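**Student:** For what it's worth, our numbering labels the leading residue of the sequence shown as 1281, then goes sequentially.
Each residue gets a CB set at the ideal place from its N, CA and C atoms; glycine is no exception.
Values in this document were obtained by computation on a predicted structure and should not be read as measured data.
I am attaching a structure below and will ask some questions about it afterwards.
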Amino acid sequence: MRVHHATIELRTKDRRETHDLTDRVAAAVRESGIREGLVHVASLHTTAAVTINEHEPRLMQDLLDWLHRIAPAGAGWRHDGLAATIPGEPANTDAHLAAMLLGRGHSIPVRAGAPVLGTWQRVIFVELDGPRTRRVQVTVSGT
């Protein structure tokens, strides 16, 4: 079995936004030369997530709106109290909670040198506390 690592770096512009990483993940699989196996895609941040779904603009806005309703900013979260006592610490509990709901990553089968996804499935990076420079780890393993 072989293992190949790649890092996707992206700069986000808004506090909450989504990015379709599918083509970049597929490129990492191609570069690996691995034909059969798995690709694991993981956010390297506690206030960002990776999910798989349709990357349709209205659905993505619905996702961000839903996350805001479930974990609103400034709702008196205990963790936000650190911002008052630690210089530079952001009040971003809402982003941490939303990231926990969505999860940090996914494993996707690789067949014939390509990620196996359904017709409308896309690999989506979800920024929850931007703007920032973010990294996503892509690990391809197999033969």
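Cα separation between H1348 and D1374?
**Tutor:** Looking at the two C-alpha atoms, the distance is approximately 8 Å.
**Student:** State the beta-bridge partners of A1286 as determined by DSSP.
**Tutor:** Looking at the DSSP assignment, A1286 forms a beta bridge with V1418.
**Student:** For I1366, count neighbouring Cβ atoms within 10 angstroms of its own Cβ and tell me buried if that reaches 16, exposed if not.
**Tutor:** Classification of I1366: exposed, given that the 10 Å Cβ count is below 16.
**Student:** Could you work out which residue in V1418, V1416, F1405, T1419 is closest to H1299 when comparing CA atoms only?
**Tutor:** Comparing Cα-Cα distances from H1299 to each of V1418, V1416, F1405, T1419, the minimum goes to F1405.
**Student:** Note the first and the last residue of the continuous alpha helix (DSSP H) segment covering I1350.
**Tutor:** Element bounds for I1350: 1337-1350.
**Student:** Does R1402 come out as helix, strand or coil in the three-state DSSP assignment?
**Tutor:** If DSSP states are grouped into helix, strand and coil, R1402 belongs with the strands.
**Student:** Tell me, to the nearest whole angstrom, how far the beta carbon of T1327 is from that of A1371; I am working on the premise that it is less than 8 Å.
**Tutor:** With a Cβ gap of about 12 Å, T1327 and A1371 do not count as contacting.
**Student:** Would you grab the beta carbon distance between G1317 and S1421 for me? Rounded to a whole angstrom, and I think it's under 8 Å.
**Tutor:** Going by Cβ atoms, the distance from G1317 to S1421 rounds to 5 Å, so yes, they are a contact pair.
**Student:** Are L1301 and V1403 close, meaning C-beta to C-beta below 9 Å?
**Tutor:** Closer than 9 Å, so yes.
**Student:** Could you check the C-alpha separation between R1296 and I1350 for me, to the nearest Å?
**Tutor:** Cα-Cα distance, rounded: 14 Å.
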